[in-house]
Amino acid sequence: MSMASTAAPNAEINISSAATNATKSSDVKPCCVCREEKAERDNCMLFSRAANPEADCVTMIDKYKSCMAGYGFRLP
């Protein structure tokens, strides 16, 4: 068994435990979570050619709200 094959699982465990701690932390700021979902939502709203971009992007908006709710943030 090589050194590289034993190091990889440990790194994976550390990353997943760090992610778990981040989701449970009360120090999480709304600006620092759900960045990908926020970017998708913003792009949809900004570049939508629909008369009502909010209605056109409802799936992206709901996806972002759901992600934020997972961190304890409630959006209107």
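Going by my numbering, the residue at position 49 of the sequence shown is 49; the numbering climbs one at a time, nothing skipped. C-beta: ideal position from N, C-alpha, C; glycine also. Computed from a predicted structure; not experimentally measured.
Asked	Found
According to DSSP, is K58 helix, strand or coil?	Note that residue 58 is Val in the sequence shown here, rather than Lys. Here V58 sits in helix by DSSP.
Look at the alpha carbon of P30 and the alpha carbon of P76, and state the distance between them as a whole number of angstroms.	14 Å
Is it buried or exposed, G70, if we count other Cβ atoms within 10 angstroms and call 16 or more buried?	exposed
Out of G72, C67, F73, D27, state which residue places its alpha-carbon closest to the alpha-carbon of E36.	C67
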